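One structure is given here, and the rest of the page talks about it.
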Amino acid sequence: MTARMNTQLRALVTGGAGLIGSHIVDLLVCEGWRVRILDNLEPNTHRLGKPAWVNEQAEFLEGDIRDATAVRAALDGVDVVFHQAAYGGYMPEMGKYVHVNSFGTAQMLEIIRDEGLPVQKVVVASSQAVYSEGAVRCTNAACAEYDRLIFPTTRPLVQLQAGEWEIHCPACGQVCVSVPTPEEAPIGGETVYALTKVDQERLVLTWGRQTGIPTVALRYSCTYGPRQSIFNPYTGVIAIFTTRLLNGQPPVLYEDGYQTRDMAFVEDIARANLLAATTDVNDGLPVNVGSGKATTVRQMAEMIAAALGIEIEPLARGEFRPGEMRYLTSDITRARRMGYAPTVDLAEGIERYLAWIRQQGSVRDYFAQAEQTLRAKRVVQPVSKNVTSV
Ligand SMILES: NC(=O)c1ccc[n+]([C@@H]2O[C@H](COP(=O)([O-])OP(=O)(O)OC[C@H]3O[C@@H](n4cnc5c(N)ncnc54)[C@H](O)[C@@H]3O)[C@@H](O)[C@H]2O)c1
Ligand SMILES: [Zn+2]
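Count along the sequence shown starting at 1, add 1472, and that's the number in our numbering.
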């Protein structure tokens, strides 16, 4: 990296028309990089075609990450790859996740290696979804696990079917408290999407060790902000709640709404990518990036309603999504080593998102329709009346 620092660096941002990719593109252009985008304008995300926010100073290649010819063309002359293209969210498909995310990444790495391309770094978008469940501590002083960091497994289906949401200590059974999750936590993936994020991360980091090309896998927490697709009802809790409220509908909370998430403003995530590319302190490592703070999903719904001036209470019907985590806050100590610090808090981020969405014209509610599909495919399940204990 340092050898080229005096000349104009050339970046490929895959998925550069999307939420995070487009903000990375803007930041790189602003920092004087030459930027190319490879994006297939996935119709679930971009129902109206190429979005107006795609930076005109970047070269735009409309193409699929699964298409070797398109990827070869996109990689030509590139110094740093910011690999953001992925099929995301809680979609019912299985094969497509593996094909776009796992295969697409593997093939791109193979092309760089086999053709000896002069790529100097690959930064890949991983996710907090690689963790099965956020870290917790047991507060029972009599327990062998007392005050130790516990990495729980995912909650069993039968527990969720009984409407029991909490994380219990594996030793004493007491309800645990959530604490920030460090990168050392075991990774596994409890949804097909998450499994493919594990694949992408491991493929990139392993390939980096084998080729000697520096790599970083950024484990983003829940990212939101202007440009988050309002067409895709399966992704982005802030976008989904906002479109519901703007349509006079209550935001739907899974479980009881007291599960927590770490919400990251998209510009902070873009900055983390630049830092990962231009520093070497985290080379070869997975790195959590987020706010480092916990917010309940219920709180988010209330904050958005208040910011919109709409008095609609969120609705918790006790439905749940198998494999979903109860609590997750990212420990961002490692990210801070490369100079990362979150700069936009949730209240400001919501205001900035709302300011953007108000400029988007009429916002239709795609949620109800999507919800039916999710239930039919059992991605969302109701609490079972027949199950009374866990
Ligand atoms: N948004 C989040 O909360 C979040 C959290 C963790 C990780 N991530 C990861 O960050 C990355 C970017 O996510 P985002 O939120 O910007 O999503 P997004 O859907 O807004 O952007 C993804 C972009 O990739 C493109 N794309 C999809 N399939 C493609 C294919 N086959 N070929 C080429 N381009 C393709 C889409 O058209 C889109 O523009 C993804 O890898 C995602 O898994 C996102
Ligand atoms: Zn215990």
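From the three backbone atoms N, C-alpha and C, an ideal C-beta is built for every residue, glycine too.
In this text the structure is predicted, and so the values were computed from the model without any measurement.
Item	Value
Ordered along the chain, which non-local residues of its own chain (more than five positions away) have a Cβ less than 6 Å from that of V1651?	A1607, R1609
If we call anything under 8 Å between Cβ atoms a contact, is V1550 one with A1530?	no
Please list the terminal residues of the continuous alpha helix (DSSP H) segment that includes H1495.	1491-1502
Using a 10 Å radius around the Cβ and a threshold of 16 neighbouring Cβ atoms, would you call G1790 buried or exposed?	exposed
By the three-class DSSP mapping on this structure, what secondary structure does Q1853 have?	strand
Taking a contact to mean a Cβ-Cβ separation below 8 Å, would you say A1777 touches E1823 in this structure?	no
Following the continuous alpha helix (DSSP H) through N1745, name the residue where it begins and the one where it ends.	1738-1750
So does E1605 have its beta carbon nearer than 7 Å to some heavy atom of ligand 2?	no
Would you mind giving the Cβ-Cβ distance between V1709 and A1689, rounded to the nearest angstrom? I have them listed as a contact below 8 Å.	Wrong, their Cβ atoms sit about 23 Å apart, outside the cutoff.
Per DSSP, which residues does N1760 bridge with? Please list them.	R1691
Which complete alpha helix (DSSP H) runs does the segment 1628-1695 hold, if anything under 4 residues is left out?	1629-1633, 1664-1683
Ligand 2 and A1643: does any heavy atom of the ligand fall closer than 7 Å to the residue's C-beta?	yes
Let me check you understand the geometry: is the CB of Y1559 closer than 7 Å to at least one non-hydrogen atom of ligand 4?	By its list of ligands, the structure shown excludes ligand 4, since it contains just ligand 1 and ligand 2.
Let me know the secondary structure DSSP gives T1577 once reduced to three states.	helix
Please name the residue or residues paired with I1622 in a DSSP beta bridge.	V1608
Should G1567 go down as buried or exposed, given a rule of 16 or more other Cβ atoms within 10 Å for buried?	exposed
On the DSSP bridge assignment, give the partners of D1511 in chain order.	E1534
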